[in-house]
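Colleague: Right, I'll just put the structure down here and ask away after.
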Amino acid sequence: MSVCWVLSEDETISFLEHLFSDEGAFSGVTIEDILKHLEQKELWDRSRWKTHPLSDNYLEANIATFFNEILDNLPTDLFLCKRRWMGKGENKPLSGFSGAIQKPDLMLCEGSTIKKCEVLEERQFNLRTDVYVIGELKNRYSTDNMRASFIKLARKGGSVSTHPLHIHQCPEVFLRVLLGITFGDAVVLSFDTTISPIEEGKKKVQIIRDGKECFVWVNQLLFISGSLHGRGMTVWSGVVTQANFPELEEGQKVVIKDSFVDPL
Numbered sequence: 001m002s003v004c005w006v007l008s009e010d011e012t013i014s015f016l017e018h019l020f021s022d023e024g025a026f027s028g029v030t031i032e033d034i035l036k037h038l039e040q041k042e043l044w045d046r047s048r049w050k051t052h053p054l055s056d057n058y059l060e061a062n063i064a065t066f067f068n069e070i071l072d073n074l075p076t077d078l079f080l081c082k083r084r085w086m087g088k089g090e091n092k093p094l095s096g097f098s099g100a101i102q103k104p105d106l107m108l109c110e111g112s113t114i115k116k117c118e119v120l121e122e123r124q125f126n127l128r129t130d131v132y133v134i135g136e137l138k139n140r141y142s143t144d145n146m147r148a149s150f151i152k153l154a155r156k157g158g159s160v161s162t163h164p165l166h167i168h169q170c171p172e173v174f175l176r177v178l179l180g181i182t183f184g185d186a187v188v189l190s191f192d193t194t195i196s197p198i199e200e201g202k203k204k205v206q207i208i209r210d211g212k213e214c215f216v217w218v219n220q221l222l223f224i225s226g227s228l229h230g231r232g233m234t235v236w237s238g239v240v241t242q243a244n245f246p247e248l249e250e251g252q253k254v255v256i257k258d259s260f261v262d263p264l
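For the sequence shown, the numbering used here gives the first residue as 1, with consecutive numbering after it.
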């Protein structure tokens, strides 16, 4: 993975405040107000997150539980979270990532999808259709030997990598990232919104041509990269209409190359 721009600590805080702004991501509610609410719920005690796991045992599942407990205690009149975090220690079956040695440490999914997989044991999570975000855990320890967690983001393709930030020393930044990602829309999560489904097995690709909106009708997946990061090339076959491309024959076959891992 090629990282093009590594941010300093100050740059990281400014970048995250811009990416997950109070006005844009949280409907004008400030992170400070949300943190005070969580303090009243006894999840934060002004020095550390009280439910943050200290043991390495089942760490992935416990971190997911820690995230979900914060989501469950948000002000209900402002936040209704339908997504849930899941750790690989929960041992749910997962498909759709051929070539990977092991499951991602953390995954953000729809809560309804998790329930379906629990009820229907044969139902597998599919990395490309059921998972919004994946995360990786790495060990770090503070000088007093107490477990300390750090957050670090890398945008798809590795174009930006943030400075690691201590979640107990920077609780507002941690909360901004957790809520910004959990409640993020398709654009924030780096999905390609120019590709959208029209019916079972078919999609359309939006193209701006000479200032006009045109569409290519996609009918078959030719190739998709198994990589979870990087360009993750996807290649489709499709057809065009003369209404959109008058210089081509009606139904002319074309190939579309998309550089996102998982188009909608």
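Beta carbons: idealized from backbone N, C-alpha and C, even for Gly.
1. Is any beta-carbon of chain C found at less than 9 Å from that of E69?
2. Going by the CB atoms, is the gap between I195 and K202 shorter than 9 Å?
3. Are L137 and L106 touching if we call contact CB-CB under 9 Å?
4. Among L248, N244, F215, T182, which has the Cα closest to the Cα of L80?
5. Quickly, what does DSSP pair E188 with across the bridge? List them, please.
6. Does G87 come out as helix, strand or coil in the three-state DSSP assignment?
7. In three-state terms, what does DSSP make of V133?
8. Less than 9 Å between the C-beta atoms of L189 and V133, yes or no?
9. Tell me, please, which residues DSSP counts as bridged to M5.
10. Do you know offhand how far D77's Cα is from K212's?
11. Tell me which residues share the same chain as L270 and place their Cβ nearer than 6 Å to its Cβ, disregarding the 5 neighbours each side in the sequence.
12. If we call anything under 9 Å between Cβ atoms a contact, is H18 one with I167?
13. Note down the Cα distance separating I151 from F215, rounded to an integer number of angstroms.
14. When the distance is taken between beta carbons, is L222 closer than 9 Å to V255?
15. Would Q252 and W236 be called neighbours here (beta carbons separated by less than 9 Å)?
16. Could you check what DSSP says for H229 in three-state terms: helix, strand or coil?
17. V29 and P75 - do their beta-carbons sit closer together than 9 Å?
18. Could you work out which residue in L165, N244, C109, D130 is closest to D10 when comparing CA atoms only?
19. Keeping to the same chain, check which residues put their C-beta closer than 8 Å to that of L7; ignore five residues upstream and five downstream.
20. Counting C-beta neighbours from all protein chains within 10 Å, is the total for V218 16 or more, i.e. buried, or is it exposed?
21. Out of G238, F191, G184, P246, state which residue places its alpha-carbon closest to the alpha-carbon of R209.
22. Measure the alpha-carbon distance for I13 versus V173 and round it to whole angstroms.
23. By DSSP, does H168 sit in helix, in strand, or in coil?
24. I'd like to know whether the C-beta atoms of F20 and V177 end up nearer to each other than 9 Å.
25. To which residues of the same chain is F67 closer than 7 Å at the C-beta, ignoring the five residues directly before and after it?
26. Measuring only the C-alpha atoms, how far is P197 from L35?
27. Return the chain-ordered list of same chain residues with a C-beta closer than 8 Å to the C-beta of V187, the five sequence neighbours on each side being excluded.
28. Quick check: what's the CA-CA separation for L38 versus R48?
29. Is the beta carbon of S55 closer than 9 Å to that of K82?
Modeller: According to the structure shown:
1. No chain C is part of this structure, which consists of one protein chain only.
2. no
3. yes
4. T182
5. As written in the sequence, residue 188 is Val, which differs from the Glu given in the question. According to DSSP, which records beta bridges pairwise, V188 is partnered with nothing at all.
6. strand
7. strand
8. yes
9. Residue identity differs from the one stated: residue 5 is Trp in this sequence, not Met. W5 pairs with nothing; no bridge assigned.
10. 41 Å
11. No answer is possible for residue 270: it lies beyond the span of the chain, which begins at 1 and ends at 264.
12. no
13. 39 Å
14. yes
15. no
16. Confidence in H229 is poor, its pLDDT being 48 and thus under 50, which makes the residue's placement too unreliable to answer from.
17. yes
18. L165
19. F15, V160, S161, T162, H163
20. buried
21. P246
22. 7 Å
23. coil
24. yes
25. W85, L178
26. 38 Å
27. T193
28. 12 Å
29. no
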